[in-house]
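Here is the structure we will look at.
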Amino acid sequence: MNTANKSTSSLKMKTLFGFVRIIVISGLCLFGPARTLNFWQAWVYLIVFYGSVAIITIYLWKKDPKLLERRVETGPGAEKEMTQKIIQLFLLILFCVILIIPSFDHRFGWSDVPVYIVIAGDVLVALGYFLIFLVFRENPFAAATIQISADQKVITTGPYSIVRHPMYAASLIMFSGIPLALGSWWGLLILVPITLVIIWRLLDEEKFLSENLPGYKEYCQKVRYRLIPLLW
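For our numbering, add 42 to where a residue sits in the sequence shown, where the first one is 1.
Take a look at the structure:
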């Protein structure tokens, strides 16, 4: 097997392993505390969530395998800076919690969420991933970790012409939809710590990029808003 084939095979295994791992984690978080598989909101959410992930993964596999390789290296262990390791650990925990609370909610009947709100939550999840797809299409350097590639340049077009961190903005939209899609008002409380951790991450990322990526300081002066146009 030549080097190219070995690299392709390794990428396939990493992608598949990552996909299976997140499915298993999500399934345990959703159906474990609920103590039942009779949780239709969770099944619909999983179809929307992982359907979106699968579509984006297939697109990257065909159009930009280098970006896919940058995306599969994720999690606290993949980060080089201790601050980002801690941030990634918090995000992983909060992702689990935003699934676990609706699971308990379903089990004990804390919330009464109308079906149209559940559908709206699934729409927000899909919308968040569509915006993430637009980011990937525009930025081939959008790694899952904070790093600088040898040939990296500042991206100023597409969603990056509106806010500096469109992927984080899209992620917040997606996270906002998860508790609603799972039929839980109480799950919305987790949006507060998730937002704070994402802000912590992007501020640390901006500091790193300003110090290491030529032209990023000038880009920050040109695009004033980080997450929300006309607000911040």
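In this text, a Cβ means the ideal position worked out from N, Cα and C, and glycines have one as well. On a predicted model such as this, the values are computed, not experimentally measured, just so you know.
Among the options, the one whose alpha carbon lies nearest that of residue i
i: Y267; options: I98, L238, S203 and G219; result: S203
i: Q194; options: E121, I161, G119 and P256; result: P256
i: G93; options: R206, R243 and D164; result: D164
i: F172; options: A211, I241 and T198; result: A211
i: V86; options: A223, I240 and L244; result: A223
i: T99; options: W82, L136, K56 and E121; result: K56
i: W103; options: A84, G69 and S52; result: S52
i: K132; options: I232, E260 and L251; result: Just to set this straight, residue 132 is Phe in the shown sequence, not Lys. That would be I232, whose Cα lies nearest to the Cα of F132.
i: M216; options: L169, I128 and F81; result: L169
i: F91; options: W242, P201, F137 and V265; result: F137
Counted within 10 angstroms of its Cβ, other Cβ atoms place residue i as buried (16 or more) or exposed
i: P208; result: buried
i: Q263; result: exposed
i: E121; result: buried
i: A96; result: exposed
i: M124; result: exposed
i: M43; result: Because M43 sits at a pLDDT of 47, beneath the cut-off of 50, its placement in the model cannot be relied upon, and the following sentence gives the value as read from the coordinates. Label assigned to M43: exposed.
i: S218; result: buried
i: A84; result: buried
Exercise for the section: Please determine if the segment 110-124 and the segment 178-190 are in contact, where contact requires at least 3 C-beta pairs separated by less than 8 Å. Expected result: yes
Exercise for the section: Enumerate, from N- to C-terminal direction, the unbroken alpha helix (DSSP H) stretches of 4 or more residues contained entirely within the segment 115-154. Expected result: The segment 115-154 is shown to contain whole alpha helix (DSSP H) runs of 4 or more residues at 124-150, in chain order.
Practice task
Any chance you could list the alpha helix (DSSP H) runs of at least 4 consecutive residues sitting entirely within the segment 175-255, in chain order?
Solution key: 208-223 and 233-254
Handout entry: Segments assigned alpha helix (DSSP H), at least 4 residues, entirely inside the segment 70-119
Key = Within the segment 70-119, the complete alpha helix (DSSP H) runs of at least 4 residues are 82-105 and 107-114.
Exercise for the section: Inspect the CB distances between the segment 60-80 and the segment 137-144 and report whether three or more fall short of 8 Å. Expected result: yes
Handout entry: Given 8 Å, three or more beta-carbon pairs between the segment 215-234 and the segment 146-160
Key = Contact annotation: the segment 215-234 touches the segment 146-160, with at least three C-beta pairs closer than 8 Å.
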